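In terms of full-length UniProt numbering, the sequence shown opens at residue 1 and continues consecutively.
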Amino acid sequence: MTADVDRFRELLRIPTVSHVDEELTDWSAFAEFTAALERLYPRTHATLSREIIDEHALLYRWPGKTSDAPLVLMAHMDVVPVVPEEWEYDPFVATLVGTGNDATIHARGAIDDKGALVAILEAVESLAESGYVPAHDIYLVFGHNEETAGGGARAIAQTLEDRGIRPALILDEGGAIVDGAIPGVSVPTAMVGVAERGIMTVILTARESGGHASTPLRLPATARLARAITRLSRRPFRARISPPVRAMFRTVAASAPGLLGWAFRHIALTAPLMAAVLSRMGPEMNATVRTTAVVTELSGASADNVLATTARASVNVRILTGESVGSVRERMRRVISDPDIAIDVRHDSEPSPVSPWRGEPWRRIATAVSTAIGPEVVTTPYLQSGATDSRWFTGISENVYRFAPFHLTRSEREALHSHNERIRVDSWQAGVRFYQALIAAS
1 MTADVDRFRE LLRIPTVSHV DEELTDWSAF AEFTAALERL YPRTHATLSR
51 EIIDEHALLY RWPGKTSDAP LVLMAHMDVV PVVPEEWEYD PFVATLVGTG
101 NDATIHARGA IDDKGALVAI LEAVESLAES GYVPAHDIYL VFGHNEETAG
151 GGARAIAQTL EDRGIRPALI LDEGGAIVDG AIPGVSVPTA MVGVAERGIM
201 TVILTARESG GHASTPLRLP ATARLARAIT RLSRRPFRAR ISPPVRAMFR
251 TVAASAPGLL GWAFRHIALT APLMAAVLSR MGPEMNATVR TTAVVTELSG
301 ASADNVLATT ARASVNVRIL TGESVGSVRE RMRRVISDPD IAIDVRHDSE
351 PSPVSPWRGE PWRRIATAVS TAIGPEVVTT PYLQSGATDS RWFTGISENV
401 YRFAPFHLTR SEREALHSHN ERIRVDSWQA GVRFYQALIA AS
């Protein structure tokens, strides 16, 4: 099967950009996207039923020979905003660059997450055209605001729960197939998220009476806020090896050389040293071994000659498995150590439960990787660093996994949520084969 690149590019051209302030979102683009799916995938829409949930999210059901133990495949149709002048190619033209194995599609959403959404539909369309009937029901869940509130997927999860549906396997976006992401491991690894870190937005606020900037206080609100931020930066959360990361190292130990392989196999003994080393090996590895907190927004005075009556900082926190929203907030209070800095939680979600990396659901994913990508790829558990829509589904299934079946380079991964997002055509088509293999085994 050769997936239809033209259909993929057409859907990438529709600017389904979501915004935190949903009044800024152009919902007509989402209506256009939904209509395009129906036109481009006629066999899918003739075979599967479709519901629109929470105004824009899509829930498809493919009836199988039994409704027990269904498969749920997830993706989201919304993308993050762009700064067009930063891009080498227009982010909503879906420019195809190169030929053959070097052909690459440049577009916002090429990986996150229309790449998976369209790959799922390509697989479903081809199987439906062949007359295939799945052994178990299959649901497709396409959220419309994963990049902001996640309300669409959350509403679908509640709908399925209300109907008594208990999926045997749920697969959403997450890790990818990578090279060299794990120190010392040279074979490609399929990083399947068995859990994801929690997320919270914390607002730090310092207040004062204000006044003219020519007569500042000794420690104005902006300075007190800066001191609090500096304290957080200088005292990061403790690095440690969580159970999913321990399982990852044990899985790849046979592919690691000499002493490093020994350290991976005996991670129960080497965990403290490994955590310390990994925390210094770049952002990706650091995010697997500790709770992270980074300031993303700052606000102060309304003019450059006015003292700020209120200085604020937004802190994005990703909570490691084994910690909680409450414990993180208390530690931030201790580290900042300033009763005049208000610490308020705006949004929060606890770390997800950990899904098993043994058993039939896990084997189905690993087998699909081997079939579609290659037997040399090692499928390993992984701690998902970012939040996904799948976090709303952990109440209806113990087997929730996070994996996008695309072989991505480091630079391709770094382009997520940044400029020049892109995906190689052969990598995307291999992802389509993965979904086809997973569906065929369901």
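All C-beta atoms, glycine included, are put in the ideal place defined by N, C-alpha and C. In this text, all values refer to a predicted model and were calculated from it rather than measured experimentally.
Quick one: give me the first and last residue of the beta strand (DSSP E) that residue i is part of.
i    : result
G175 : 169-178
E51  : 49-53
V345 : 342-349
I111 : From DSSP, I111 is part of no beta strand (DSSP E); its letter is neither H nor E.
A34  : Rather than Ala, the amino acid found at residue 34 in this sequence is Thr. First-last for T34: 27-40, but that is the alpha helix (DSSP H), not the beta strand (DSSP E).
H106 : 104-106
Looking at the structure shown, is residue i part of a helix, part of a strand, or coil, going by DSSP?
i    : result
F406 : strand
F237 : coil
L383 : strand
S299 : strand
T159 : helix
I396 : coil
I423 : strand
S411 : helix
V118 : helix
L96  : strand
G151 : helix
I319 : strand
G258 : helix
E309 : Looking at the sequence provided, one finds Thr at residue 309 rather than Glu. Correct three-state label for T309: coil.
M1   : Note on M1: pLDDT 45, under 50, position unreliable in the model; the coordinate value appears next. Note: M1 maps to coil in three-state DSSP.
G211 : strand
S67  : strand
S126 : helix
G359 : coil
H417 : coil
R166 : coil
Taking the continuous alpha helix (DSSP H) assigned at residue i, which residues delimit it?
i    : result
P243 : 243-252
D6   : 5-12
R290 : Where R290 is concerned, there is no enclosing alpha helix (DSSP H), given that its DSSP letter is neither H nor E.
R334 : 325-336
I267 : 267-278
Of all the options the options, which has the alpha carbon lying nearest to the alpha carbon of residue i?
i    : options                : result
L298 : T310, A287, T288, R290 : T310
V295 : I229, A256, P272, R334 : I229
A437 : E122, G326, M332, P216 : E122
L117 : I138, F142, T95, L96   : F142
E196 : S337, L24, N145, L383  : L383
L71  : R364, W392, I423, V369 : R364
T148 : P81, S427, A368        : P81
G184 : R318, M274, S242, G98  : M274
V400 : T95, L73, G115         : L73
L11  : A190, E376, I111, I138 : I111
T159 : L169, F403, V425, Y139 : Y139
R433 : L58, E86, G374, P257   : G374
E284 : E414, G261, E51        : E414
A287 : L320, G261, A308       : L320
G300 : V345, A223, I423, G282 : A223
N145 : V5, H19, T292, S349    : H19
R36  : I14, S411, I170, F249  : It is Ala, not Arg, that sits at residue 36 in the sequence shown. The option with the nearest alpha carbon to A36 is I14.
A372 : P356, S352, H407, R346 : H407
P105 : R402, I423, S427       : Per the sequence shown, the amino acid found at residue 105 is Ile instead of Pro. With distances taken between Cα atoms, I105 lies closest to I423.
D162 : G395, R50, I439        : G395
A119 : E173, R207, L24        : E173
W357 : A263, L204, V245, A221 : V245
Looking at the ligand GTP, does it come within less than 7 Å of residue i, judged from the CB to the closest heavy atom?
i    : result
Y382 : Although the ligand GTP was asked about, the structure shown includes no ligands whatsoever.
Going by DSSP, what residues sit across from residue i in a beta bridge?
i    : result
Y139 : R61, V72
E376 : Answer is none; E376 lacks a bridge partner.
S314 : I203, E297
A190 : I177, T379
A195 : L383
Y401 : L171
V79  : V17
T388 : DSSP lists no partner for T388.
Under the rule that 16 or more other beta-carbon atoms within 10 Å means buried, what is residue i, buried or exposed?
i    : result
S390 : buried
H266 : exposed
K65  : exposed
L269 : exposed
G109 : buried
M191 : buried
S442 : buried
G359 : exposed
T379 : buried
S126 : buried
P216 : exposed
P361 : buried
8 Å is my cut-off, CB to CB: does residue i come that close to chain B?
i    : result
G151 : In the structure shown, chain B cannot be found, because there is only a single protein chain.
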